Each structure stands twice: as C-alpha cells, then as structure tokens.
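For reference, the structure is listed below as structure tokens.
Structure follows, in structure tokens:
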C-alpha cells in the first residue's frame with residue numbers, strides 16, 4: 002500500500018511541475034496608456050473576483066477629457082484539457098475638447114508562459130460621435146488594428162483596420178469583426194492593445210475580447226493518465 006501511495010504522489014508531482022510553467026498571471030496584469038506617443042499616469046483599480054478572474058477599471062483625465070476602460074482579465078483554466086487566458090473589456094473617450102487629433106494607445110498585459118500549440122481568437126466593434134462643427138475621423142493608425150491581441154509582446158491579430166470620416170453631429174459604427182490564428186508557444190505573456198486615432202471634438206466607445214488557448218504537451222497528458230492508473234490500482 003505504501004509503494005502504491007508513493008507511485009501516485011510521484012505521478013501527481015511530475016504532472017504539477019510539468020504544467021506549472023504554463024500559468025498566465027492575471028493577478029499581476031499591468032495596464033499602460035500613451036497619448037500622442039507620451040506615456041501617461043493613469044488611475045486603475047483592480048478587484049479580485051475569485052477563480053482567477055480580475056476586474057480592472059480605470060481612467061485618464063486631461064483638460065476635461067476622460068478616457069475610461071473596464072476589463073475582465075482571467076488566468077488560464079483547464080477546459081477539456083485546454084489552457085486558456087482571456088481578456089475582454091470596453092474603452093471610451095468622453096468630453097474630447099482637444100484642438101487636434103489624438104493618438105491613444107492602451108495595453109493590458111498578463112505575464113507568463115503557455116505550452117506549445119497556442120491558438121488565439123478575438124473580436125471587437127465600436128462607434129463614434131462627432132460633436133464638432135467640422136468633419137472628423139476615427140479609427141486605425143496607419144492600418145494597425147484598433148483592437149489587437151498580443152502574444153509575447155507582439156500583435157498577432159486584430160479587428161478594425163479602417164478609418165471613418167464622420168460629419169458634424171453624426172454617428173458612425175464599426176461593425177463587429179473577428180480574428181483567429183495560431184501562434185506557437187507563449188513565452189512572455191498575452192494581452193490586448195487598443196490603438197486609436199480620434200479627431201478633436203469626437204467621442205467614441207469600443208468593446209472586444211481576446212482569448213489564447215494551448216493544449217497541454219503530450220507528456221503532461223500521459224502523466225495525468227499515469228496518475229489515474231497508479232491511483233486506481235488495487236492490491237489483489
């Protein structure tokens with residue numbers, strides 16, 4: 002019986018050590034914002050919702066203008082043997098009294114690693130209202146996606162790569178778009194980036210989500226089976 006117990010403990014320990022490096026940490030997620038290329042000090046509040054889920058809400062205020070965000074960030078969970086990290090949220094620009102176009106860049110980053118075979122998917126949509134007396138523009142910067150999913154510090158896919166001209170006191174909508182693909186191993190972390198050009202006098206809001214999943218390595222699956230085998234064996 003003692004030998005049987007040792008085998009089970011050894012198998013469980015090997016399984017834990019083989020999967021521990023795959024953890025993506027939502028608890029230490031960071032949020033950064035730059036405006037016209039200059040990094041800004043932001044106010045951000047983090048709430049632990051339990052189960053590896055964290056809510057981030059914050060804002061940046063500048064001369065009456067208010068940039069706000071609300072994100073749900075989730076550490077990986079095992080769903081049918083798949084490790085998953087997830088970021089979703091919304092982003093708004095209000096009271097835009099700027100006298101020139103504003104380039105905004107907001108990023109959310111979760112450090113950590115994930116096994117090979119990582120795949121990703123995401124979606125985003127948004128809208129803008131022009132309260133100016135002049136036509137204005139809203140949308141992507143140099144064709145970069147407004148909503149981008151990041152793996153290892155680089156944008157691997159995104160939604161909304163266009164720019165719309167909006168007439169005075171008019172509204173424009175960016176229909177929801179989706180994206181997906183494969184990205185190999187996650188070695189540094191995952192996150193999302195919202196990169197937006199917005200004209201003076203315009204307000205906007207965007208929402209989206211980004212998810213990364215990775216099937217555990219065959220060794221981890223084999224060890225899981227071994228743990229069950231050792232745990233279920235009985236002496237005759």
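Residue numbers (the working numbering): 2 to 237.
The beta carbon of each residue, even a glycine, is placed where N, CA and C say it ideally should be.
Model, not experiment: these values are computed from the prediction.
Taking residue 64 as the reference, which of 29, 89, 49 and 100 has the closest Cα?
-> 100
Environment of residue 57 [buried if 16+ CB atoms lie within 10 Å] | buried
What are the boundary residues of the beta strand (DSSP E) that residue 257 is part of?
-> The question about residue 257 has no answer, for the chain in this structure spans 2 to 237.
Whose C-beta lies closer than 7 Å to the C-beta of residue 59 among residues of the same chain, with five residues either side of it excluded?
-> 32, 43, 44, 45, 46 and 70
If you draw a straight line from the alpha carbon of residue 135 to that of residue 202, how long is it in whole angstroms?
-> 9 Å
Output the distance between the C-alpha atoms of residue 205 and residue 130, rounded to the nearest integer angstrom.
-> 6 Å
Smallest Cα separation from residue 29: which of 144, 109, 145 and 105?
-> 109
For residue 72, the first and last residue of its enclosing beta strand (DSSP E) | 66-75
Taking the alpha carbon of residue 147 as the point to measure from, which residue in 132, 154, 137 and 128 has its own alpha carbon closest?
-> 128
Delimiting residues of the beta strand (DSSP E) encompassing residue 175 | 172-187
Quick one: grab the DSSP three-state call for residue 131.
-> strand
According to the Cβ coordinates, are residue 192 and residue 151 closer than 8 Å?
-> yes
Cβ separation of residue 144 and residue 159, assumed to be a contact under 8 Å, to the nearest whole Å = Incorrect: roughly 10 Å between the Cβ atoms, too far for contact.
For residue 211, I'd like the list of residues in its chain whose CB is within less than 6 Å of its CB, leaving aside the five on either flank, ordered along the chain.
-> 88, 123, 150 and 193
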